[in-house]
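Numbering (our numbering), first residue to last: 2 to 582.
Here is the structure:
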């Protein structure tokens, strides 16, 4: 309580008493005493300013007619008014009543102004807290970061004898799990707190509660050691309890007040919205990731030999990018941000989505010519052999071998051209042993695709971008489309679809190119057997030596291949801090 002399200045009181006594007439005196019964102002008393206070009080007490009244501030006595008169006490009582009423009205006005000021200040502080916490809690859409920010706000202004904890509802068990803390959560058995009857009751009621004497509260779980007092505030959004803020007093004598609870109420309101948004966003991220994986799986499943290719490529790209981040020799100045790592992972999952526009017979083509066409060639060879009285079975075996070969020799090409130039005559008509279409299907230099079929394959990076442009990822992943479009480009310009060279090819695209090629080599295809790790790396080394792939990346990939291949799949890739929606 503030002293009376701080509320009503002695100089003001002296003038006030003089004015009152002047109106009353001669012979009256008056004095104002504080709560300690020490006179702080007087009038009508024939003493000097140097007179001791106790002598002034004694002088007033000896006056014949006296009256006294309490002076109140906020319902509490802060002093008294004493009036003495020359005659009977009734005369002094009337003057005392009038002067005390006036002084108490002044004190009431002062109390009102103070209350309004304190209320305004409290409202300002609450608004400042809301403003600060809104900015603080909404900087991130990661639940863990929102929790850390909330705990930081909870503990601001508290001493070292307090610890803040955050509990969230566990979707699997429907219980509550400690999600974050300021200080170790395993000390004092905080993990047992959600099973405490007190915690359960507060969460069921949905209202905050303070317990400053836990030792005597029957609801307190004795397994939770080292806590003297506790404040539990449920985080409620739309009637659903998402979690709880817990402040624990760990020092002897630590306690909480209603002001602490009010602060937690404000924070819990803001935090509940921020937390619900973060949880919703992370759940949306999980759904999107599941949809992306489903899309990549659907594309891969069109061909059983490519099953799982996109997810393996995404994992390898993620692992190689992390190897770049950890490397201090080959790429000491190169580092990918968390968003760039996510971007590369997503690009790996969806890099072949454009193959949805490639005909299935092209994707699953296992030989240069279909069996029916090869059977027709066999009939023509039999006719040719009979007509010319030569063996034809060896030639058919040769064509079967050519049909299943991945690479042709010069001798193979010569055989194809020789039979293409030969003709058969029947019923006055002639036709080649190998038609132009059959020759084109067999003469391909690499693999079993014709030039027209390769053009169809070459188009899939562009088709991927055309399909994915409808998914709003570019705001958060600015290079996402570029990585996918360029993953078949080569540094020497021999790649597709645009034949780009050197630094025009994004570094992330070069990473995807290496791991995409590696996985394709390591897996069985319709037209080839799988390569061993050593064989695949040797082929990639050859491409790097020829200037088609980045030598530094290939060297790093070879060096760290074991850790890259066994790196855990980033199932928990978060969409936090993205600008998708």
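Heads up, the beta-carbon is just placed ideally off N, CA and C, and yes, glycines get one too.
Note that this is a predicted model, so its numbers are computed, not measured.
- Our two residues, residue 215 and residue 229, have alpha carbons roughly 6 Å apart in a direct line.
- A distance below 6 Å between beta-carbons, with the five flanking residues on each side excluded, links residue 203 to the following residues of its chain, in chain order: 210, 233.
- Inclusion of residue 501 and residue 487 in the CB contact set at 8 Å is warranted, their separation being smaller than that value.
- Secondary structure of residue 328 (DSSP, three-state): coil.
- Closest by C-alpha distance to residue 343, out of 321, 16, 329, 333, is 321.
- Taking a C-beta distance under 8 Å as the contact criterion, residue 82 and residue 29 do not qualify as a contact pair.
- Cβ contact annotation for residue 464 (same chain, cutoff 6 Å, sequence separation greater than five): 355, 358, in chain order.
- Under the DSSP assignment, residue 237 falls in the beta strand (DSSP E) whose first and last residues are 230 to 238.
- Here residue 57 is not near residue 14, since their CB atoms are 8 Å or more apart.
- Under DSSP, residue 274 forms no beta bridge with any residue.
- Of the residues 420, 398, 459, 384, the one whose Cα lies closest to the Cα of residue 427 is 384.
- Per DSSP, residue 433 lies in no alpha helix (DSSP H) segment; the continuous beta strand (DSSP E) that holds it begins and ends at 430 to 433.
- The three-state reading of DSSP puts residue 46 in coil, since its state is none of H, G, I, E or B.
- Its Cα nearest to that of residue 222, the residue 201 stands out among 208, 237, 205, 201.
- Restricting attention to 248, 25, 11, the CA atom closest to the CA of residue 39 is found in 11.
- The C-beta distance from residue 80 to residue 66 rounds to 21 Å, too long to meet the 8 Å contact threshold.
- With contacts defined by Cβ atoms closer than 8 Å, residue 492 and residue 549 form a contacting pair.
- Here residue 369 is buried, its C-beta having at least 16 other C-beta atoms within 10 Å.
- The segment 70 to 78 makes contact with the segment 99 to 109; the number of CB pairs closer than 8 Å reaches 3 or more.
- In the three-state scheme derived from DSSP, where H, G and I count as helix and E and B as strand, residue 307 is classed as helix.
- At least 8 Å separates the beta-carbon of residue 227 from that of residue 276.
- Residues 222 of the same chain have their beta carbon placed closer than 7 Å to that of residue 196, with the five preceding and five following residues left out of the count.
- Each of 231, 396, 558 was checked against the Cα of residue 217, and the nearest Cα belongs to 231.
- Within 10 angstroms of the beta-carbon of residue 569 lie fewer than 16 other beta-carbons, which makes it exposed.
- In this structure the segment 370 to 377 lies against the segment 439 to 453, because at least three pairs of beta carbons, one per stretch, are closer than 8 Å.
- The segment 336 to 353 and the segment 470 to 489 touch, with no fewer than 3 CB-CB distances between them shorter than 8 Å.
- In this structure, DSSP gives residue 195 a helical state, which the three-state scheme calls helix.
- Excluding its 5 nearest sequence neighbours in each direction, residue 553 has C-beta neighbours in its own chain below 6 Å: 331, listed in chain order.
- Closest option to residue 506, judged by alpha-carbon separation, among 84, 522, 518, 485: 485.
- Judged by beta-carbon spacing, residue 171 lies within the 8 Å limit of residue 177, meaning their Cβ atoms are closer than that value.
- In the three-state reduction of the DSSP assignment, residue 524 falls in the coil class, being assigned neither a helical nor a strand state.
- Listed as beta-bridge partners of residue 169 by DSSP are 178, 244.
- Nearest C-alpha to residue 43 among 32, 36, 494, 514: 32.
- For residue 341, the enclosing alpha helix (DSSP H) begins and ends at 339 to 351.
- Buried is the label assigned to residue 510, since at least 16 other Cβ atoms lie within 10 Å of its Cβ.
- Close CB contacts of residue 4 within its chain, under the 8 Å cut and outside five residues either way in sequence, are with 35, 36, 79 (chain order).
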